[in-house]
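In the working numbering, the protein residues as written are 3 to 288. Using N, Cα and C, we set each Cβ at its ideal position, and we do this for glycine too.
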């Protein structure tokens with residue numbers, strides 16, 4: 003088995019995504035092979051540039067069989083993708099990849115990961131010291147009658163000029179800013195929503211019907227942002243809110259009010275830190 007760092011190339015980005023699809027996609031004889039999205043490819047190249055020590059590919063006899071992408075931001079280490087080809091499981095590929103990426107976490111007191119329901123991934127993250135918090139995903143068509151909101155907290159579209167606010171909210175909730183990851187998210191997600199009032203501040207990324215990341219200094223502001231984001235989901239598009247743990251009941255309440263259906267799905271893993279709240283992490287950027 004050979005391990006090497008992921009390179010900032012189109013070829014490596016495609017290889018990483020093919021491995022991800024092989025590891026997580028539902029098998030179907032009739033389905034065409036899935037195609038990587040621009041964001042998925044950009045995420046790989048972005049992390050290969052910003053965190054080369056945390057991004058590794060494993061190969062056996064010239065075939066890529068596993069990948070880990072991880073990032074560290076101001077003392078917080080976060081695995082962003084961990085995938086092993088089904089045909090290579092049980093050969094120690096995942097263990098070696100996480101051990102290699104773990105070197106990138108040296109000196110980080112805190113860790114966060116959004117994990118799938120895979121038993122193998124759960125085992126590896128537990129061995130790495132993560133506490134796994136069961137998570138939910140809410141999906142469905144937004145019932146707009148449930149979107150009644152007093153609107154006393156103004157919400158407006160954000161842009162790169164709000165970077166200081168974004169980093170400030172991040173640091174308050176999880177002890178570290180997303181930093182340059184916001185530049186990538188601003189370039190690929192449909193819109194950034196900002197709330198900034200005397201009562202506090204927060205932000206939310208929406209991409210189509212999916213809430214990609216939400217952070218706020220109070221549950222009241224977080225609920226206002228989530229309602230506004232769901233109100234902007236186009237008619238006919240299914241809404242999706244991911245990685246809700248028990249600490250995010252404010253988000254569960256909003257989702258139930260507008261007719262979304264919750265289902266258990268995956269885990270939010272934390273190491274050396276309490277669950278940030280109110281906070282809905284991004285699967286890719288935590």
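Between the alpha carbons of residue 161 and residue 194 lies a distance of about 7 angstroms. Restricting attention to alpha helix (DSSP H) runs no shorter than 4 residues, the region 206–255 encloses them at 221–233, ordered along the chain. Of the residues assessed, residue 239 falls on the exposed side of the cut-off, its CB having fewer than 16 other CB atoms within 10 angstroms.
DSSP places residue 199 in the uninterrupted beta strand (DSSP E) bounded by 193–199. Residue 116 sits away from residue 77, with the two beta carbons spaced by 9 angstroms or more. In the DSSP assignment, the residues bridged to residue 65 are 62. In this model, residue 266 and residue 175 are separated by some 24 angstroms (Cα to Cα). Within the region 103–189, the complete alpha helix (DSSP H) segments of 4 residues or longer fall at 121–129, 165–176, listed in chain order. In the assembly as shown, residue 236 is an exposed residue. Its beta-carbon has fewer than 16 other beta-carbons within 10 Å.
Excluding its 5 nearest sequence neighbours in each direction, residue 90 has C-beta neighbours in its own chain below 6 angstroms: 67, listed in chain order. For residue 85, the pairing in a beta bridge is given by DSSP as 69. By the Cβ criterion, the region 201–219 is not in contact with the region 95–107, since fewer than three pairs of Cβ atoms, one from each stretch, lie closer than 8 angstroms. According to the DSSP assignment, residue 263 belongs to no alpha helix (DSSP H) but to the beta strand (DSSP E) extending over 263–273. For residue 7, the enclosing beta strand (DSSP E) has its first and last residue at 4–7.
DSSP, read as helix, strand or coil, puts residue 204 in strand. Out of 44, 233, 5, 8, the CA that lies nearest to the CA of residue 188 is found in 44.
Residue 73 is a Cβ neighbour of residue 288, given a cutoff of 9 angstroms. Under DSSP, residue 282 shares a beta bridge with 216. Going by beta carbons, residue 142 and residue 262 fall inside the 9 angstroms limit.
Cα atoms of residue 198 and residue 65: separation of roughly 50 angstroms, rounded to the nearest angstrom. Looking at the backbone, the Cα of residue 130 and that of residue 172 are separated by about 24 angstroms. Here residue 99 carries a helix assignment [DSSP, helix/strand/coil]. For the pair residue 158 and residue 136, the Cα-to-Cα distance works out to about 32 angstroms.
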